[in-house]
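To start, the structure itself, in structure tokens.
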């Protein structure tokens, strides 16, 4: 039987739509319970894994040292961190489920081929809260694909699902395009793990306005929201705001798509950040970077032309994880402004006002130090050192969207909710349902937590349905 013949002539126990972390966790769980599983990954094999390819770590609750994690990170502290970044816009039940379950997930991940390393230094020093993948997200994805293949999971690449057939609250099949052919793949249960809609720029523009056409998509170009839209059009209950997303400030020189985490800029806490007019617009030192980096994409998006510029001096150049692109460098503030295409006089005035507002005190780059400006609006509440030591360095900033929060509503079993209650045999996991927990903002490593927890729940639930 040909590969395409196998796909269409087999009634699969579990059809998994998507090929990233959540999809793989679901497929592995279902296969380990004896199910015949097929993964339909929309990307080519070399780009498999969705945004999981670009991840670096997994935020994990633990009551004591666990694997590479140090000390402890309890449920309430974890939840408080989430509440702070989401400003309370979360489903507490689902959030606490993700947090509590994360502790058992880390050993499960290790048992299925994922390897961890101690946390990195600088602004990503998270040895107590986040476990870093040895080899990054691509190594994690590769490990899971090997595990899935060893379990007999069938994988189809460049398989774009265009329609989920639902009748009477029950999934019957998916319609999928592979190599120019339109196929129908039947199954007893389906797990939808195909991500958000961020790579569809027209959809972003409808939600955000025309300014969204200036956004960069730092994640995969294959998450265009086709399955999400199809389910919503069929009456699936939605959750989340289409204008909310995981959007960070990335290097303005990054490509339109798939620049990944290496284009992220971690210099903001030690910078003065200005817009195209040379004016500051937000507190650069509001909180430690892992809890605040995800707000900067939206902040920059609200500025003229959706651009910003970070300016630092030589004392700070080694305090953060650098972008893949080298900074712009000059011996004077005016020279740096010219090189960045900014008005030199305005930038000089902004830097002078900032420097005058700085006060003496201990500077501690790895934690909140309370070294704040006085009489400046907006203030800088931590790490406020004068920008005085040449050479001076600058980066251009653009909004870099990772994934959108509009998604499918799910319950505590990852079952999708439809017009008449939850569907009989449809589950969702990962970014397609993350808006259930992330109403706004982001917490470093939490996307992988959501994907792992709900991917496993979806696979377990789908397998139990098949066995019933």
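Numbering (the numbering used here), first residue to last: 534 to 1001. Idealized CB from N, CA, C, for every residue including glycine. Since the model is a prediction, treat every value here as computed from it, not as a measurement.
Under DSSP, residue 926 forms a beta bridge with 845, 862. Annotation for residue 966: 940, 941, 943 place their beta carbon closer than 6 angstroms to its own, counting only its chain and skipping 5 residues before and after. Taking C-beta separations shorter than 8 angstroms and ignoring five residues to either side along the sequence, the partners of residue 847 in its chain run 922, 923, 924, 925, 926, following chain order.
In the displayed model, residue 979 falls within a helix according to three-state DSSP.
Under DSSP, the beta-bridge partners assigned to residue 771 are 941. Nearest Cα to residue 933 within the set 962, 835, 556, 988: 835. Within the DSSP bridge table, the entry for residue 749 names 933 as partners. Between residue 663 and the set 594, 693, 700, the nearest pair of CA atoms involves 594. In the displayed model, residue 762 falls within a helix according to three-state DSSP. Judged by DSSP secondary structure, residue 537 falls within the alpha helix (DSSP H) whose first and last residues are 536–542.
Between residue 644 and the set 679, 628, 626, 661, the nearest pair of CA atoms involves 679. Here residue 706 is bridged, per DSSP, to 698, 719.
Beta-bridge partners of residue 813 (DSSP): 807. Nearest to residue 764 by alpha-carbon distance, out of 727, 905, 858, is 727.
Every unbroken stretch of the alpha helix (DSSP H) spanning 4 or more residues and falling wholly within the segment 591–654 is given here in chain order: 608–619, 625–644. Around the beta carbon of residue 857, fewer than 16 other beta carbons lie within 10 angstroms, which makes this residue exposed. Going by beta carbons, residue 733 and residue 758 fall inside the 8 angstroms limit. For the pair of segments examined, the segment 572–589 was found to touch the segment 545–563: the number of CB pairs separated by less than 8 angstroms reaches three.
The beta carbon of residue 564 sits closer than 7 angstroms to those of 570, 681, 684, 685, 686, all from its chain and outside the five residues before and after it, given in chain order. Residue 789 counts as exposed, since fewer than 16 other beta carbons sit within 10 angstroms of its beta carbon. The beta carbons of residue 812 and residue 931 sit no closer together than 8 angstroms. When C-alpha distances from residue 600 are compared across 775, 837, 665, 574, the shortest belongs to 665.
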